[in-house]
Each structure stands twice: as C-alpha cells, then as structure tokens.
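These notes concern the structure reproduced below.
Residue numbers (the numbering used here): 738 to 805.
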C-alpha cells in the first residue's frame with residue numbers, strides 16, 4: 738500500500754470514525770426499541786440511544802458562546 742493511500746484512509750477515519758459509530762449506535766437503538774418486548778432489548782435501546790444523546794449534549798454544553 739502506498740503512503741498516500743494510507744494517509745487518505747487515516748484522514749477518512751479521523752474525520753468520520755465517531756460520526757459513523759454514533760450513527761450505528763442510533764440505528765441499533767432504534768431497531769431494538771421497535772422490535773424488543775422488554776428486558777434486554779429495552780436496556781440495549783436505552784444505552785444505544787442514550788450514548789449519542791449524551792455525546793451531543795456534552796459537546797453542546799462545552800461549546801463557547803459566539804461573540805457577535
């Protein structure tokens with residue numbers, strides 16, 4: 738593999754890695770919430786949907802107010 742291709746792959750995952758992970762977690766949570774009938778499925782839905790919400794809230798809370 739050439740050095741340029743390896744750098745391109747690394748750049749892709751550095752930019753899109755976490756958004757892809759959060760999207761997959763959201764998809765798993767929504768599917769689990771739709772098709773589960775209690776127990777483990779509901780717990781999986783809560784966790785899988787709660788993590789992206791917590792990450793979004795944390796980044797929103799950390800954000801500096803604009804000085805306009």
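All C-beta atoms, glycine included, are put in the ideal place defined by N, C-alpha and C.
Query - Range covered by the alpha helix (DSSP H) that runs through residue 797 - result: Segment 777-799, the alpha helix (DSSP H) holding residue 797.
Requested in this report: Go ahead and label residue 803 buried or exposed: buried means 16 or more other beta carbons lie within 10 angstroms of its beta carbon, across all protein chains shown.
Outcome: Taking all protein chains in view, the Cβ of residue 803 is surrounded by fewer than 16 other Cβ atoms within 10 Å, so the residue is classified as exposed.
Query - Proximity to residue 787 [Cα-Cα], best of 750, 751, 760, 748 - result: Measuring from the Cα of residue 787, the nearest candidate turns out to be 760.
Query raised in the report: Comparing alpha-carbon positions, which option in 796, 781, 801 lies nearest residue 766?
Result: For the residues 796, 781, 801, the minimum Cα distance to residue 766 belongs to 781.
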